[in-house]
Each structure stands twice: as structure tokens, then as C-alpha cells.
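Numbering (the UniProt record's numbering), first residue to last: 1 to 449. For every residue, glycine included, the Cβ atom is placed at its ideal position computed from N, Cα and C. The model shown is predicted, which means the values in this text are computed figures rather than measured ones. Have a look at the structure below before the remarks.
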């Protein structure tokens, strides 16, 4: 009884005389007769939950992924960068290491090694620093993998993608994007007045003008998404997440914008760090009422899609993050990490491209076991565990359990209430939402499924 009361989300729409109870623990949704709810809502809620408690399921478990498929292989092309963003968690892209570039030889060895172990790699992405500072090796990787597929040495083509500051675009780069259908995530923090406060060139000038021009050139060639880092500067300028969404839509026609709050690695200044009030405002920007018309196809970065998939599933992931299990990052020096967030921490080196992937995976399992939900007593019985994720590389040992749990609980309640309200008040719109999301998810990987 206590478990269902803790994990049940009760939705009441008095206008529609509709009552539903969503069991966050196992994803089941119950229609409750409105008159029964009215009769028992004050005097007999314990009895109400007793009657529903029998529907609780056992702990569902989702595997850590198909053994022959890797979701994401990321290459750190270089740890050099031509910008000096004020909030950069990677210390100007260097990750506090000597500047270097990924060689073509190392790239080939990594690709061969991973494809010796996996039949399919769904996504190969290029990261930095600024990856286009090592453009030749980016082009080589795309060409080499495509050649493997053309010669039937691999079973499917990955999707190629890149996170770039969009300042180094030229005709050669655009040709590579076109030839290999390489998707772009462009880093842009909003209009000129905010972007040029944060995304600064080495000479101290702003980067908006060149990013704006190059982003539009890229849109003529390939799909472009936006990653925007939200800081106290946005708050001070009165820029809400909704206004940023509107800016990117009106200026570029881009719906898919990933707005992330600035990462506090202990080095950012007070004018960048979000205070508690600003954090609450950022959380409120994820009101599920805004899910209407806002659709995404990238399951790795977007909060909404991950939560919708969890809402409609009775399983949950064992880990808070798939780093080191469904994705790996190859650094420019050949060392392999769970993801790019660990590259500045030698403790999280899983091995090298010269070692077997089995060795890498065993190292990852042993090193990251402490981040399994099964290792935390509260997580074992928490209804939010199907929705719960956090970035283990930035939380690490300083991860604030209570703070994160509060955040996830508030986010889940907002999400569930919004989605149930959508079902009740506009069920056709709800069904269209699901259809559009799943359709875009399928299209993203239609070439590799």
C-alpha cells in the first residue's frame, strides 16, 4: 500500500469528471470511476490504494543493450578549440591535457576494433574541442566506414553526426556533410546579445555573425539541430527557454533545440551559475503543455522523448546513463572512455584501441557498477526509476542524491500531469504526438535497422 501511494500519480480533471491513476513504478494506467473517487477522496484513501495495490508488478529489468549493436561511438577529433566559451567545462576543449589530434591510423584501428565486436554501430559522432580543426580525419572516417559497407564488410551504415561551433565551415566541409549525410548539432546560445557574451573568439570578439551565416549554409546541405547552454546571463537578459525556442524557430526554422543548463564544474563564475530561483524557472520551462508541436528524434539528448518512451514502457534501464555500455568515446590519443565527460579523468580510462572490446566492456562494468540503480536502496523501490537519468560524468562522487531525487520527482509529476491532461482533453492530439515522435525515431535509424 505504501509503495503504490508513493509511486502513484493521481490525475483529476473535475471539469471532465475524469480520474486516472498512473503507476510510475510499472507504467500502468488505471481509469478510476469519478463517483468512487468523490466518495473516498477524503475519508478512505488508504482503502482506495489497497484496492489498486494488487496491480503492482515485479521489478522489470531492461538489458544493457543488444550484444551485437553499439548505439553510439564518439571520436574526440582534437582537444583544441578556436573559441573561448566562458562556461566551457573542458577548459577550452583541452580537457586539461596536452593539445593533440586523432590520427587516421588510430581512427582506422578503433573502427576495425569496434566492428570486430559489433555487427552494427548506430551512430558515429565527431566531438572536440572543435572537430573541424581535424577535418581531414573526419572525412577519412566517413569515407572508410562507407567503403566497408560498400564492400559488405559491415552489415549496416551508421548515422554520422557532429557537434560543432559552426565557425570553420567551408566548401570542402559542406561537401563532406553532403556526401555522407552528416547531421550537425550547432552550438549557439541564442540571439547575438547573449551568444556574444558567452561564445567568444580568441581575440575577444563575438561569434554570432559567422555562426549565423554558416548555420544557414549547413541547412542547405543537411539536418541541423541546436544545442544551447542556458546560464544566468539568459536570466539577466530576460530570455526564457520558450523565447529561445521561438528565436531558433523564427530565424532558422529549427524545432529541435536542446537547451541545457550550464554545468557547474566548480570553475564557472557567479554571472553564469543558475541560482535556485533560476533553476526552478528552468524546470518550469519543461512544462508538458509545451510538448504539443515540439517533437524530437534524438533519444540521447532530449528529455521529452526519453520520458515519453519511459511513460509508455513497463521496463527501466539499469543505469542512470548508458555511457560505457551502449556508447563509448575514443579520445584523440587512442584511450577509450565511457563518454566525453570523463576524458579529463584518467581514472575512467577503460582501455585503449589496441585492446579487445571485451576487455573494455569488462572494465566498464566493474568501474561503473556503483552507478547501477540496483546499488541504491531508494532506487530499487522508486517509481521514478523508469524516468530517472543523470550525467554521471559531471555528478560523480559529489552527486547530490536528495537534490536530484527532488528534481526528477518534480519533473515526472509535471510530465505525467501534462500528458494525462492531454489524453483527457485532446486525445486525438495525444495520439498524433505519439505517432509523430515514433515516426521520427524510426526515420532516424531507417537506414540501419
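Exercise. If you compare alpha carbons, which of 125, 69, 401 is closest to residue 76?
Worked result: 125
Exercise. Leaving out five residues before and five after residue 323 in sequence, what residues of the same chain have Cβ atoms less than 6 Å from its Cβ?
Worked result: 338, 339
Exercise. From 354, 355, 336, 19, pick the residue whose C-alpha is nearest to that of residue 346; which is it?
Worked result: 336
Problem set entry | residue 450 - partner residues in DSSP beta bridges | The structure shown does not extend to residue 450, since the chain spans only 1 to 449, so no value can be given for it.
For this session: For residue 14, I'd like the list of residues in its chain whose CB is within less than 8 Å of its CB, leaving aside the five on either flank, ordered along the chain.
Result: none
Exercise. Exposed or buried, what is residue 193 when buried is set at 16 or more other beta-carbons lying within 10 Å of its beta-carbon?
Worked result: exposed
Exercise. Between residue 82 and the rest of its own chain, which residues show a CB-CB distance below 8 Å, the 5 nearest in sequence each way excluded?
Worked result: 130, 133, 165, 167, 168, 201, 202
Problem set entry | The alpha helix (DSSP H) enclosing residue 177, as first and last residue numbers | 171-179
Problem set entry | Selected residue, minimal CA-CA separation from residue 137, among 199, 238, 417, 172 | 172
Problem set entry | Cβ neighbours of residue 272 in the same chain (closer than 6 Å, five flanking residues each side left out) | 87, 231, 232, 262
For this session: Measure how close the beta-carbons of residue 110 and residue 360 come, nearest whole angstrom, since I'm counting them as under 8 Å.
Result: So it is not a contact: roughly 11 Å between Cβ atoms.
For this session: With DSSP collapsed to three states, give me the class of residue 327.
Result: strand
Exercise. Just the Cα atoms here: how many angstroms apart are residue 158 and residue 115?
Worked result: 11 Å
Exercise. Taking three-plus beta-carbon pairs below 8 Å as touching, is the segment 213-224 in contact with the segment 169-188?
Worked result: yes
Exercise. When DSSP labels each residue in this structure, what does residue 337 get in the three-state scheme?
Worked result: strand
For this session: Quick one: give me the first and last residue of the beta strand (DSSP E) that residue 221 is part of.
Result: From DSSP, residue 221 is part of no beta strand (DSSP E); its letter is neither H nor E.
Exercise. Do residue 392 and residue 371 have their CB atoms nearer than 8 Å?
Worked result: yes
For this session: With DSSP as the reference, please indicate the residues paired to residue 318 in a beta bridge.
Result: Partner(s): none; residue 318 has no beta bridge.
Exercise. Under the rule that 16 or more other beta-carbon atoms within 10 Å means buried, what is residue 244, buried or exposed?
Worked result: buried
For this session: Could you tell me if residue 72 is buried or exposed, where buried requires 16 or more neighbouring beta carbons within 10 angstroms of its beta carbon?
Result: buried
Exercise. Just the Cα atoms here: how many angstroms apart are residue 98 and residue 412?
Worked result: 42 Å
For this session: Would you kindly report the start and end of the unbroken alpha helix (DSSP H) that includes residue 70?
Result: Taken as a continuous stretch (DSSP letters only), residue 70 belongs to no alpha helix (DSSP H), being part of the beta strand (DSSP E) at 69-76.
For this session: Would you list the residues sitting across from residue 121 in a DSSP beta bridge?
Result: 70
Exercise. Roughly how many whole angstroms lie between the Cα atoms of residue 326 and residue 341?
Worked result: 15 Å
Exercise. From residue 143 to residue 381, what distance separates their C-alpha atoms?
Worked result: 48 Å
Exercise. Hey, which unbroken runs of the alpha helix (DSSP H) at 4 residues or more fall wholly within the segment 342-381?
Worked result: 357-368, 377-380
Exercise. Can you tell me the Cα-Cα spacing of residue 55 and residue 383, whole angstroms?
Worked result: In this prediction, residue 55 scores a pLDDT of 32, lower than 50, which makes its location untrustworthy; no coordinate-derived value is stated.
Problem set entry | Residues that residue 164 bridges to, as DSSP identifies them | 186
Exercise. Would a C-beta distance cut-off of 8 Å place residue 453 and residue 121 closer than the cut-off?
Worked result: The question about residue 453 has no answer, for the chain in this structure spans 1 to 449.
Problem set entry | Assigned secondary structure, residue 271 (DSSP; H/G/I helix, E/B strand, else coil) | coil
Problem set entry | Beta-carbon proximity of residue 226 to residue 274, cut-off 8 Å | no
For this session: Report back the beta-carbon spacing between residue 185 and residue 162 to the nearest angstrom; my notes put them in contact at under 8 Å.
Result: 7 Å
Problem set entry | Beta-bridge pairing of residue 451 - partner residues as DSSP gives them | Lying outside 1 to 449, the shown extent of the chain, residue 451 is not represented and no answer is given.
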